[in-house]
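Scroll down for the structure; my scribbles are underneath it.
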Amino acid sequence: MMEIEKSTGNIYADIGAGDADEMLVKAQLVSKIAEIIAARDWTQQQAATVLGIPRPKLSNILRGQFRGVSEARLMECLAALGRDIQIAVGPARATAGSIEVVFA
95 MMEIEKSTGN IYADIGAGDA DEMLVKAQLV SKIAEIIAAR DWTQQQAATV
145 LGIPRPKLSN ILRGQFRGVS EARLMECLAA LGRDIQIAVG PARATAGSIE
195 VVFA
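If you number the sequence shown the way our numbering does, the last residue is 198 and the count never jumps.
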């Protein structure tokens, strides 16, 4: 019988990636970028032009190869696509805080 383990909700943590939280945030940002590009029915070249990045780099990002791309750069891409970005820092707490992406 196969053993099934429940996910933590972060696939990167589940596979033991050391930068799991950062990778999850990036994946969520890239997912939204891809969603916007698809909704506008743009080619990768059209999107790359708007985002100011080479098409091959955009292709890599959209295929999940975004380790060398900063979260800030991905947020700049969303801003170039007409999305507002807000960073909110909550009140102090006794335990370590968390980072999450929330789309309004």
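Glycine included, each C-beta is placed from N, C-alpha and C at the ideal position.
Problem set entry | Same chain only: Cβ atoms within 6 Å of Gln-122, ignoring 5 sequence neighbours per side | On the sequence shown, position 28 is the one that residue 122 refers to. Contacts found: Val-195.
Problem set entry | Boundaries (first-last residue) of the alpha helix (DSSP H) holding Arg-157 | Walking along the sequence shown from the start, residue 157 turns up at place 63. Arg-157 -> no alpha helix (DSSP H), and no H or E assigned at all.
For this session: Say whether the stretch 140-150 touches the stretch 101-109, bearing in mind that this needs 3 or more beta-carbon pairs closer than 8 Å, one atom from each stretch.
Result: no
For this session: Kindly indicate the opening and closing residues of the alpha helix (DSSP H) around Ala-166.
Result: Numbered from 1 along the sequence shown, position 72 holds the residue referred to as residue 166. From DSSP, the alpha helix (DSSP H) with Ala-166 extends over 165-174.
Problem set entry | Own chain residues within Cβ distance below 7 Å of Pro-148, not counting five before or after | In the sequence shown, the residue the question calls residue 148 occupies position 54. So the qualifying residues of the chain are Ala-142.
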